[in-house]
Amino acid sequence: MRLQREKSLLLMVDFQAGLLPVIEGGAQAITEASWLGGVAQLLEVPVWLTEQNPEKLGGTSPQLLEQLGEHRVWQKVHFSVMEEPEFREVLTALGKTQIVLCGTEAHICVMQTGLGLLEAGYELYWLTEAAASRRQREAQLARERACANGAAAVSADMVAYEWLHRCDTETFKQAHRQFLKPRSARPVAFN
């Protein structure tokens, strides 16, 4: 049940500019997702983003995009991106089996994507402080439902340290300077 960076993908669902102003805890979710996205980039863990109906909801938040390096954006019409045939095909071909999932709205697109991933046999890690909804209680219910069906609730710190695995490497030292030490002074809110 431990995350391994070689097996992992970070999937960020619908952090869209038009939706975020009405999301309770949206700013915190973006901060956490951005931070873990930076760690993922350093460790060469792929980062994928989805956008639901961007013509109406806007594209991915510029605040998130400015923190990410290389990433892939998927457009979708289904609430679950797992219903998009090209996404499923490329994900299968990529060979990653551990999916760290976050985004908005937690009780709709994030949860349905998570359930689809679980149904397809992936290990699902629900990034608690970066999964948000218009109402916090709905985000909590979504996490509970996903976990009742096999997901594991995790924090960004848990994920980062599991991906890093050990403290005696140059990669850890770089991650510590760039991400871990600055973060230790900042409080984190959980849903």
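To convert, note that position 45 of the sequence shown is 1525 in this note's numbering; the numbers rise steadily by one, no gaps.
Just so you know, even glycine gets a beta-carbon here, dropped at the ideal spot from N, CA and C.
Using the DSSP secondary-structure output, state which residues sit across from residue i in a beta bridge.
i, result
"W1528", "L1491, R1552"
"L1581", "L1491, W1606"
"V1634", "L1607"
"T1572", "Beta-bridge pairing links T1572 to no other residue."
What do you reckon, are the CB atoms on residue i and residue j nearer than 7 Å?
i, j, result
"A1586", "T1608", "no"
"L1499", "V1639", "no"
"I1579", "L1522", "no"
"K1576", "K1653", "no"
"L1537", "Q1496", "yes"
"V1561", "L1529", "no"
"A1610", "E1512", "yes"
"V1493", "V1590", "yes"
Which term fits residue i, buried or exposed, when burial requires 16 or more other beta carbons within 10 angstroms of its beta carbon?
i, result
"T1649", "exposed"
"M1481", "exposed"
"K1661", "exposed"
"A1520", "buried"
"S1664", "exposed"
"Q1525", "In the sequence as displayed, the identity of residue 1525 is Val instead of Gln. Buried is the call here."
"A1573", "exposed"
Return helix, strand or coil for residue i, following the three-state DSSP convention.
i, result
"Q1496", "strand"
"T1651", "helix"
"A1612", "strand"
Original post:
Between the stretch 1617-1632 and the stretch 1485-1502, are three or more C-beta pairs nearer than 8 Å?
Top reply: no
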